[in-house]
Amino acid sequence: MSADGTPGPGAEVATHCAYCALQCGTLLRPSGPGVELEPSPDFPVNRGGLCQKGWTAPALLTTPDRLRSPLVRGPGGELAPVGWDEALDLVVARLDRVRETYGPDGVGVFGGGGLTNEKAYALGKFARVALGTSQIDYNGRFCMSSAAAAGNAAFGLDRGLPFPVTDLGDADVVLLAGANPAETMPPLMRHLVHPRLIVIDPRRTRTAEQAALHLQPAPGTDLALALGLLHLAVTENLLDKEYLDTRTTGIDAAWQYALPWWPERVEQVTGVPVEDQRTAVRMLAEAGRRYLLTGRGVEQHSKGTDTTAAFINLALALGLPGRTGSGYGCLTGQGNGQGGREHGQKADQLPGYRMITDPAARAHVARVWGVDPASLPGPGRSAYELLDALGTPGGPRALLVFGSNPVVSAPNAAHIARRLAALDLLVVADLVPSETTEL
Numbered sequence: 045m046s047a048d049g050t051p052g053p054g055a056e057v058a059t060h061c062a063y064c065a066l067q068c069g070t071l072l073r074p075s076g077p078g079v080e081l082e083p084s085p086d087f088p089v090n091r092g093g094l095c096q097k098g099w100t101a102p103a104l105l106t107t108p109d110r111l112r113s114p115l116v117r118g119p120g121g122e123l124a125p126v127g128w129d130e131a132l133d134l135v136v137a138r139l140d141r142v143r144e145t146y147g148p149d150g151v152g153v154f155g156g157g158g159l160t161n162e163k164a165y166a167l168g169k170f171a172r173v174a175l176g177t178s179q180i181d182y183n184g185r186f187c188m189s190s191a192a193a194a195g196n197a198a199f200g201l202d203r204g205l206p207f208p209v210t211d212l213g214d215a216d217v218v219l220l221a222g223a224n225p226a227e228t229m230p231p232l233m234r235h236l237v238h239p240r241l242i243v244i245d246p247r248r249t250r251t252a253e254q255a256a257l258h259l260q261p262a263p264g265t266d267l268a269l270a271l272g273l274l275h276l277a278v279t280e281n282l283l284d285k286e287y288l289d290t291r292t293t294g295i296d297a298a299w300q301y302a303l304p305w306w307p308e309r310v311e312q313v314t315g316v317p318v319e320d321q322r323t324a325v326r327m328l329a330e331a332g333r334r335y336l337l338t339g340r341g342v343e344q345h346s347k348g349t350d351t352t353a354a355f356i357n358l359a360l361a362l363g364l365p366g367r368t369g370s371g372y373g374c375l376t377g378q379g380n381g382q383g384g385r386e387h388g389q390k391a392d393q394l395p396g397y398r399m400i401t402d403p404a405a406r407a408h409v410a411r412v413w414g415v416d417p418a419s420l421p422g423p424g425r426s427a428y429e430l431l432d433a434l435g436t437p438g439g440p441r442a443l444l445v446f447g448s449n450p451v452v453s454a455p456n457a458a459h460i461a462r463r464l465a466a467l468d469l470l471v472v473a474d475l476v477p478s479e480t481t482e483l
C-alpha cells in the first residue's frame, strides 16, 4: 500500500463485479498479463460466491477488442485511431458548431445504468452546465422507470430496494413478481433459502422451481392478478387495518380498482386458479416476516406503472413497507440503475431526486454548482422520445452516448438506428466497439 492509500504493484485489490445491482464483492490480484479473481468471503451480499458473470468479469481487462485510444471516422468511412488531444479538439469544435447553429438543445446526451454514481452525476452536470442542454436521459428509462413512477406516486420517493438484501434471509415468506434471480442474479438466491417463495411468472423458471407456490399468469395479465390479490385481501379480511389507518391514505380508492377483479374473473383472465390466489394472499398476510419484490417482468408493459402500483398497494394493504423484518422492494437490474437516475441523468430530474421544475430544487443545485438558476435548462425528452427526435427538425443534431448501446437495447431498434445515422455528429464512449459505434 502506497503512502496515499492506493494499492501498490502486485497488491490484492478488493473490488466489485459491476454487471448487476448486487455488486458482489471480489478480490483481484495481478497474474501475468491479466488478473486472478476470487470471491470476497466477507462481502455480505455474495458471501464468497459468484455467478458466471462475476467469474468472467476480469476478461474485460484483456479482451482483444478493448478500446485503448479514440477512433475517428475518416472521409473514407473507416474508423482510425487518433490521439486524445486531436479527438477532444474535434468533438469540441463539432459540438460548438452544432450549438451555434441549432442552440443548446441541438446536442443530446444519452447515459447508462452502468455508470457509477460519480460518473452519472458528472454527466448530468456536464449536460446542463457545460452544454446547457435539456436533452439528456439514460437507458434506465427502458427498465425501471415504471417502478420509479409508481414508487414516487405511492411513497413520494423512488428507492428501488430500501433495505439490504441480507434482510431477506430472515424472512418467512417472499413474493417475487416478474423476477428470475436464480438465472439473472444467482448469488441473491443464497438469501432466499429459508423463506417460502411465492413466484409470479408465466414461465417455469429456475426460480419458480424453488418456489413453495408458483402463480403462472398468462403474459400481460399481471395487473389483473395484482388487483385480484388485493381484492382477496379485502374480502377475506386480511388487511392490516391499524397500519392502513395510521400510515396510509387512499385504501378506498385502491379498493375501487380492485373491486371488479373477483377471484373467478381473475382466473378467467390470467389462468391462475382461485385456490392458488387465496393461498398466495394468505401466505403473505399471515407470515411474521414477509417481503414483496417486483422486477422487470412487472414493469415492462404498456401498463407497467399501474401494475407496479397495484403490487405496492397490495404490500401496503398488508402492512409490509416500513416495518421491521418486512417490506416492499424493486429489484434493480443494471449495475447502477438506481444511482444512474438518482444522480441526474433523467430528463426531468436533478441530482438527489430533485425535480427540475421545482424552483427550490433548481436554486439549491444551482448554488452548489455556482451558476444562476435561470441558466439551468428545463425538462427534456425522455429516452425513446429523445432518440426518436434525433436528426429531425427541432430535434438534436448531435448525440453523446456514454455506456449504452441503443442500436441493440432501444425499443424499435431499427428505427432508432436510422435516427442515429441521420445525426451530424455521434460520439460514443464505451469500453469496446458496439453496434452503436459502427454508426
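Under our numbering, the letters of the sequence shown match residues 45 to 483, in that order.
C-beta: ideal position from N, C-alpha, C; glycine also.
> For Pro423, which residues of its own chain have a beta-carbon under 7 Å away from its beta-carbon, when the five flanking residues on both sides are left out?
Replying inline: Translated into positions along the sequence shown, residue 423 becomes position 379. Correct list, in chain order: Ser178, Ala391, Asp392, Ile400, Thr401.
>> Output needed for Asp245: all residues of its chain with C-beta closer than 6 Å, excluding positions within five of it in sequence on either side, in chain order.
In response: Taking the sequence shown and counting its residues from 1, the one referred to as residue 245 is at position 201. Excluding sequence neighbours, Asp245 sits near Ala252.
>> Check this for me: beta carbons of Leu434 and Leu467, under 8 Å apart or not?
In response: Residue numbering aside, residue 434 sits at position 390 when the sequence shown is read from its first letter. Residue numbering aside, residue 467 sits at position 423 when the sequence shown is read from its first letter. Their beta carbons are under 8 Å apart, which means Leu434 touches Leu467 by this criterion.
> When you compare only the Cα positions, how much space is there between Ala442 and Arg73?
Replying inline: Stepping through the sequence shown from its first residue, residue 442 is reached at position 398. Stepping through the sequence shown from its first residue, residue 73 is reached at position 29. Cα to Cα, Ala442 sits roughly 41 Å from Arg73.
>> So if DSSP puts Phe446 in a beta bridge, which residue, or which two residues, is it bridged to?
In response: Position 402 of the sequence shown, counted from the start, is the residue given in the question as residue 446. Paired residue(s): Ala473.
> Whole-angstrom Cβ separation of Thr352 and Ala223, contact assumed at under 8 Å?
Replying inline: Within the sequence shown, residue 352 is the residue found at index 308, counting from 1. Within the sequence shown, residue 223 is the residue found at index 179, counting from 1. Incorrect: roughly 12 Å between the Cβ atoms, too far for contact.
> Taking buried to mean at least 16 other C-beta atoms within 10 Å of its own C-beta, is Lys285 buried or exposed?
Replying inline: By one-based count along the sequence shown, residue 285 stands at place 241. That one is exposed.
>> With a threshold of 6 Å on Cβ separation, who are the neighbours of Val153 within its own chain once the five nearest residues in sequence on each side are excluded?
In response: Against the sequence shown, residue 153 aligns to sequence position 109. Excluding residues within five positions, the ones whose Cβ falls inside 6 Å are Ala171, Ile180, Leu444.
> Taking the C-alpha atoms as reference points, what is the distance between Ala302 and Glu429?
Replying inline: Reading the sequence shown from its first residue, position 258 is the one you call residue 302. Reading the sequence shown from its first residue, position 385 is the one you call residue 429. One C-alpha to the other measures close to 33 Å.
> Among all the DSSP beta bridges, which residues are the ones paired with Cys374?
Replying inline: To locate residue 374, count along the sequence shown from 1; it is residue 330. Per DSSP, Thr338.
>> Between Trp449 and Glu479, how many whole angstroms is the CB-CB distance? I'm expecting something under 8 Å.
In response: The count along the sequence shown starts at 1 and reaches residue 449 at position 405. The count along the sequence shown starts at 1 and reaches residue 479 at position 435. The sequence given here places Asn at residue 449; Trp does not occur at that position. The Cβ separation is near 6 Å, so the contact holds.
> Taking the alpha carbon of Leu420 as the point to measure from, which residue in Gly176, Gly76, Cys64, Ala166 has its own alpha carbon closest?
Replying inline: For the purposes of this step, residue 420 is taken as residue 376 along the sequence shown, with counting starting at 1. The residue among Gly176, Gly76, Cys64, Ala166 with its C-alpha nearest the C-alpha of Leu420 is Gly176.
> Are the beta-carbon atoms of Leu267 and Asp320 separated by less than 8 Å?
Replying inline: Taking the first residue of the sequence shown as 1, we reach residue 267 at position 223. Taking the first residue of the sequence shown as 1, we reach residue 320 at position 276. No, Cβ-Cβ distance for Leu267 and Asp320 is not below 8 Å.
> If you pair each beta-carbon of the region 250-265 with each one of the region 87-96, do three or more pairs fall below 8 Å?
Replying inline: no
> In the DSSP assignment, what are the bridge partners of Pro74?
Replying inline: Residue mapping note: residue 74 aligns to position 30 of the sequence shown, counting from 1. In the DSSP secondary-structure assignment, Pro74 is bridged to Val79.
> DSSP state of Asp468, grouped into three classes?
Replying inline: Within the sequence shown, the letter at position 424 stands for residue 468. The answer is coil: DSSP assigns Asp468 none of H, G, I, E or B.
> Is there contact between the region 370-377 and the region 194-212, where contact requires at least three CB pairs shorter than 8 Å?
Replying inline: yes
>> Buried or exposed, going by whether 16 or more other CB atoms sit within 10 Å of the CB of Pro108?
In response: Indexing the sequence shown from 1 puts residue 108 at position 64. Flag for Pro108 reads exposed.
> Three-state secondary structure (DSSP) at Pro220?
Replying inline: Against the sequence shown, residue 220 aligns to sequence position 176. One point to set straight first is that residue 220 is Leu, not Pro, in the sequence displayed. Under the three-state reduction of DSSP, Leu220 is assigned to strand.
>> Excluding the 5 residues flanking Leu105 on each side, which residues of the same chain have their C-beta closer than 7 Å to its C-beta?
In response: Locating residue 105 in the sequence shown gives position 61, where the first residue counts as 1. Excluding sequence neighbours, Leu105 sits near Gly78, Val79.
>> Here's the rule I'm using: 16 or more other beta-carbon atoms within 10 Å means buried, otherwise exposed. How should Ala270 be labelled?
In response: Walking along the sequence shown from the start, residue 270 turns up at place 226. Ala270 counts as buried, since no fewer than 16 other beta carbons sit within 10 angstroms of its beta carbon.
> Should Ala58 go down as buried or exposed, given a rule of 16 or more other Cβ atoms within 10 Å for buried?
Replying inline: For the purposes of this step, residue 58 is taken as the residue at position 14 of the sequence shown. With fewer than 16 Cβ atoms within 10 Å of its Cβ, Ala58 is classed as exposed.
>> Cutting at 8 Å between CB atoms, please list the residues of its own chain near Pro85, excluding the five before and the five after it.
In response: Counting from one through the sequence shown, the residue named residue 85 turns up at place 41. Around Pro85: Arg91, Gly92.
> Cα separation between Val318 and Ile295?
Replying inline: Here residue 318 refers to the residue found at position 274 when the sequence shown is read from its first residue. Here residue 295 refers to the residue found at position 251 when the sequence shown is read from its first residue. Those two C-alpha atoms are separated by around 23 Å.
>> Going by DSSP in three states, Thr59 sits in which element: helix, strand or coil?
In response: Locating residue 59 in the sequence shown gives position 15, counting from the first residue. In this structure, Thr59 counts as strand in the three-state DSSP scheme.
> Near Val471, which residues of its chain fall below 6 Å by C-beta distance, leaving aside the five closest residues on each side in sequence?
Replying inline: Taking the sequence shown and counting its residues from 1, one reaches residue 471 at position 427. Closer than 6 Å at the Cβ level, and outside the excluded window around Val471, lie Val135, Leu444.
> Given Met3, which residues of its chain have a CB within under 8 Å of its CB, disregarding the five upstream and five downstream residues?
Replying inline: The structure shown does not extend to residue 3, since the chain is modelled only from 45 to 483, so the question has no answer here.
>> Considering only the alpha carbon of each residue, which of Arg291, Val342, Leu81 lies closest to Ala361?
In response: Here the question's residue 361 lines up with position 317 in the sequence shown. That would be Arg291, whose Cα lies nearest to the Cα of Ala361.
> Can you name, in chain order, every residue of its own chain whose Cβ lies under 8 Å from the Cβ of Ser453, other than the five neighbours on each side?
Replying inline: The count along the sequence shown starts at 1 and reaches residue 453 at position 409. Cβ neighbours of Ser453 beyond the five flanking positions: Asn183, Phe186.
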